[in-house]
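*Asks:*
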Amino acid sequence: MVQTRSIPSATISVTYNGFTAEAQAAFQAAVNIWQSLLSSTQTIRINANFSELGTNVLGRAGATTFQLLTDGVDNTWYPVALAESLLNTNLNSNDADIEATFSSNFSNFYFGLDGDVPAGKIDFLTVVLHEIGHGVGFLGSARSVVTAGSFNSPCVNTVGSSCWGFTINNVTYPTSFDRFVKNGSGVSNTDLISFTNPSSTILDFLQSGNVFFHGSNVKSANSNAAAKLYAPSTYAAGSSYSHFDETLYPTGSPNGLMTPSLAARDVQRSPGQLGCALLKDIGWVVTSACATTLPIELSELTASKEGYRNQIKWTTLSERNNKSFIIERSKDGIDFKEIGTIEGFGTSQMPRNYAFFDEIPLNISYYRLKQVDFDGNSSLSKIVSVINEESRELVLFPNPAHDKLFINAPKLDNPVFDISIYDNIGRNILNKRISNEIDISQLNSGIFEIVITTEGVKTTKRFTKY
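In my numbering, each residue's number is its place in the sequence shown (first place is 1) plus 206.
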């Protein structure tokens, strides 16, 4: 369970090369999500490019370099962004920490931010989230058919060998990802890094279909089981070993972001419980937005349009110490606000069905659940979205305003509003019932919060008086 304490988020700076405005907006939305998940005092710098890539390759990304660190016992290579975070030091001046390239010869990217991907299109925001995941460390060093001259590679001059790690002063060390990789049994002599390096044994292992990530956080998030990695019978450079298994975590799975392929119309907005747990295992500090364990077994979460309202439905298969669900909504899938609460069943071993109606949804609404247990701890679900053109969303205008404000409610007939206005220190300075016009001429200049109640539903907005 992720504790609800304040952990500073990361700052990510991007240099864009060859991006259109809409592609850049989608990339930045992915950056905003990763900033909310990771904690670091050091700016993470990404060099993002559009250029031609191979057939069926949507994008690729990785650390620009690795840093060798020691815990006093073992030496381990860390991707530079993670190393800087661990050391609280900038190691490479203003150079990029991550190099990311996306296919300029792929014509079916969808660059929208609403998650409503047309048939046959690939969600670019999801692709970017995936590739940044590799750049921050979801990437092992084990490989086959390595070209001579690769970065500190033990396979140099033995092209065709399978190997792991990077070499310095004639000694090879694994990456932070490599250290957790074993077969399904998890016994010590099945560690990737226990195999002769380089050797054909490593290739056999990478093609065995029996490759797992055994980090303690991953196991905690996965019912005390290791997470299976993608290891097909024929080694696939760029895919094998550095992804979750797509059979166990298929399209639409909450843990499906870091699998090797992306289906048309598939939308992901989080690395999921296992992805967040893996990041913790390799060394990252994550924020409360990066949930690694849930005291509930959530089997379904959907959002659908029901006339002018939106309905959010979910089912739990089991619950432990579950106090409540807080329903949160966002206009962009990034910044969420609470819109309602439903009590949980405490501890239960049978399926439980829940439903919540958003009476005044946005035209495009993103929803997630914040599960709260009786100890005060909380964790977050995946994000779902819905478009509702019949939304009764209230519009407050003009903003900023000087003398008068107006409320527009296009889907309400002859509405009456009860309003309460609060200043920036929380004092209630005006309560009134109106039809649509608010006289604010007597207010001092400043920023105010207004609570609008109509038909039993409260909406909170902010406005500026000048």
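For every residue, glycine included, the Cβ atom is placed at its ideal position computed from N, Cα and C.
Express the C-alpha separation of G392 and A432 in angstroms, rounding to a whole number.
*Replies:* Looking up residue 432 in the sequence shown gives position 226. Looking up residue 392 in the sequence shown gives position 186. If you take the alpha carbons of A432 and G392, they lie about 8 angstroms apart.
*Asks:* Just to confirm before moving on: does the CB-CB distance between N296 and Q248 stay below 8 angstroms?
*Replies:* Your numbering for residue 296 matches position 90 in the sequence shown. Your numbering for residue 248 matches position 42 in the sequence shown. Closer than 8 angstroms, so yes.
*Asks:* Do you know how far the Cα of P324 is from the Cα of S313?
*Replies:* Within the sequence shown, numbered from 1, the residue matching residue 313 stands at position 107. Within the sequence shown, numbered from 1, the residue matching residue 324 stands at position 118. Each residue's alpha carbon lies about 13 angstroms from the other.
*Asks:* Taking 8 angstroms as the cut-off, decide whether the C-beta atoms of F386 and F272 are in contact.
*Replies:* As a working note, residue 386 is residue 180 in the sequence shown. As a working note, residue 272 is residue 66 in the sequence shown. For F386 and F272, no; Cβs fall outside 8 angstroms.
*Asks:* From the DSSP output, in three-state form, read off C369 for me.
*Replies:* Counting from one through the sequence shown, the residue named residue 369 turns up at place 163. Strand, per DSSP.
*Asks:* For a test of the three-state rule: what should DSSP assign to K486, helix, strand or coil?
*Replies:* Locating residue 486 in the sequence shown gives position 280, where the first residue counts as 1. Looking at K486 - three-state DSSP - the assignment turns out to be helix.
*Asks:* Looking only at its own chain, which residues have a Cβ that is under 7 angstroms from the Cβ of L504, when we skip the five neighbours before and after it?
*Replies:* Translated into the one-based positions of the sequence shown, residue 504 becomes position 298. These residues qualify, in order along the chain: W520, T522 and S587.
*Asks:* In or out: Q413 buried (at least 16 other Cβ within 10 Å) or exposed?
*Replies:* Here residue 413 refers to the residue found at position 207 of the sequence shown. Answer is buried; the Cβ neighbour count reaches 16.
*Asks:* When the Cβ atoms of the region 454-473 are set against those of the region 434-443, are three or more pairs found closer than 8 angstroms?
*Replies:* The answer is yes - the region 434-443 touches the region 454-473, with three or more Cβ pairs under 8 angstroms.
*Asks:* In chain order, what are the residue ranges of uninterrupted beta strand (DSSP E) at least 3 long that sit wholly in the region 258-343?
*Replies:* List check, beta strand (DSSP E) in window: 265-269, 272-276, 281-285 and 304-309.
*Asks:* Whose C-beta lies closer than 7 angstroms to the C-beta of G318 among residues of the same chain, with five residues either side of it excluded?
*Replies:* Locating residue 318 in the sequence shown gives position 112, where the first residue counts as 1. Within the same chain, G318 has no close Cβ partners at all.
*Asks:* Under a Cβ-count criterion, where at least 16 other Cβ atoms within 10 Å of its own Cβ denotes burial, should N516 be classed as buried or exposed?
*Replies:* On the sequence shown, residue 516 is found 310 positions in, with the first residue counted as 1. When all chains shown are included, N516 counts as buried.
*Asks:* Can you give the beta carbon distance from D487 to S446, rounded, assuming they're within the 8 angstroms contact cut?
*Replies:* The residue you call residue 487 lines up with position 281 of the sequence shown. The residue you call residue 446 lines up with position 240 of the sequence shown. Their Cβ separation, rounded to whole angstroms, is 20 angstroms, which puts D487 and S446 out of contact at 8 angstroms.
*Asks:* Considering only DSSP beta bridges, list what K610 is partnered with.
*Replies:* Taking the first residue of the sequence shown as position 1, residue 610 is located at position 404. DSSP, once it has assigned bridges, lists D645 as partnering K610.
*Asks:* Indicate whether the contact test is met: 3 or more Cβ pairs, each with one atom in the region 221-240 and one in the region 258-269, closer than 8 angstroms.
*Replies:* Not touching, per the Cβ criterion.
*Asks:* Are the Cβ atoms of P606 and T670 separated by less than 8 angstroms?
*Replies:* In the sequence shown, residue 606 corresponds to position 400, counting from 1. In the sequence shown, residue 670 corresponds to position 464, counting from 1. Cβ atoms of P606 and T670: closer than 8 angstroms.
*Asks:* Compare the C-beta of R633 with all C-beta atoms of chain E and state if any pair is closer than 8 angstroms.
*Replies:* The structure shown contains no chain E; it is built from a single protein chain.
*Asks:* Would I540 pass as a contact of S242 if the rule is Cβ separation under 8 angstroms?
*Replies:* If you number the sequence shown from 1, residue 540 lands on position 334. If you number the sequence shown from 1, residue 242 lands on position 36. Yes, the pair counts as a contact, with Cβ atoms nearer than the cut-off.
*Asks:* Please report how far the alpha carbon of A717 lies from the alpha carbon of L480, in whole angstroms.
*Replies:* Nothing can be reported for residue 717, as the shown portion of the chain is limited to 207 through 672.
*Asks:* Just grab the DSSP bridge partners of W520 for me.
*Replies:* Counting from one through the sequence shown, the residue named residue 520 turns up at place 314. DSSP, once it has assigned bridges, lists L507 and Y560 as partnering W520.
*Asks:* Looking at the secondary structure, which residues open and close the beta strand (DSSP E) in which N637 lies?
*Replies:* Against the sequence shown, residue 637 aligns to sequence position 431. Segment N634 to I640, the beta strand (DSSP E) holding N637.
*Asks:* Within 10 angstroms of its Cβ, does D564 collect 16 or more other Cβ (buried), or is it exposed?
*Replies:* In the sequence shown, residue 564 corresponds to position 358, counting from 1. Buried: at least 16 other Cβ atoms inside 10 Å.
*Asks:* Ends of the alpha helix (DSSP H) at F386?
*Replies:* Numbered from its first residue, the sequence shown carries residue 386 at position 180. Segment: none, F386 is in no alpha helix (DSSP H) and carries neither H nor E.
*Asks:* Any idea what DSSP makes of L586, helix, strand or coil?
*Replies:* Walking along the sequence shown from the start, residue 586 turns up at place 380. Note: L586 maps to strand in three-state DSSP.
*Asks:* Helix, strand or coil: how does DSSP classify S446 here?
*Replies:* Position 240 of the sequence shown holds residue 446. In this structure, S446 counts as coil in the three-state DSSP scheme.
*Asks:* Work out the CA separation of Y379 and N281 for me, nearest whole Å.
*Replies:* Stepping through the sequence shown from its first residue, residue 281 is reached at position 75. Stepping through the sequence shown from its first residue, residue 379 is reached at position 173. When rounded, the distance between both Cα atoms is 6 angstroms.
*Asks:* Ignore the nearest five residues each way along the sequence and tell me which others in V237's own chain have a CB closer than 7 angstroms to its CB.
*Replies:* The sequence position of residue 237 within the sequence shown is 31, counting from 1. For V237, where only same-chain residues beyond five positions count, the Cβ hits under 7 angstroms are I218 and V220.
*Asks:* Quick one: what does DSSP say S347 is sitting in, helix, strand or coil?
*Replies:* Numbered from 1 along the sequence shown, position 141 holds the residue referred to as residue 347. Here S347 sits in coil by DSSP.
*Asks:* Since I570 is in the beta strand (DSSP E), which residue starts that stretch and which ends it?
*Replies:* Counting from 1 along the sequence shown, the entry for residue 570 is found at position 364. Unbroken beta strand (DSSP E) run through I570: I570 to D579.
*Asks:* Look at H420 and K388 and say whether their C-beta atoms are less than 8 angstroms apart.
*Replies:* Your numbering for residue 420 matches position 214 in the sequence shown. Your numbering for residue 388 matches position 182 in the sequence shown. Going by C-beta atoms, H420 is nearer than 8 angstroms to K388.
*Asks:* Under the three-state reduction of DSSP, which class applies to G478: helix, strand or coil?
*Replies:* Taking the sequence shown and counting its residues from 1, one reaches residue 478 at position 272. G478 falls in the helix class under three-state DSSP.
*Asks:* Going by the C-beta, is L412 closer than 7 angstroms to any heavy atom of the ligand SAM?
*Replies:* With respect to the ligand SAM, the structure offers nothing, as it holds no ligand at all.
*Asks:* Give me the Cα-Cα distance between E305 and V263, rounded to the nearest whole angstrom.
*Replies:* Counted from its first residue, the sequence shown places residue 305 at position 99. Counted from its first residue, the sequence shown places residue 263 at position 57. Roughly 16 angstroms separates the two Cα atoms.
*Asks:* Express the C-alpha separation of F542 and D384 in angstroms, rounding to a whole number.
*Replies:* To locate residue 384, count along the sequence shown from 1; it is residue 178. To locate residue 542, count along the sequence shown from 1; it is residue 336. Their backbone Cα atoms lie some 35 angstroms apart in a straight line.
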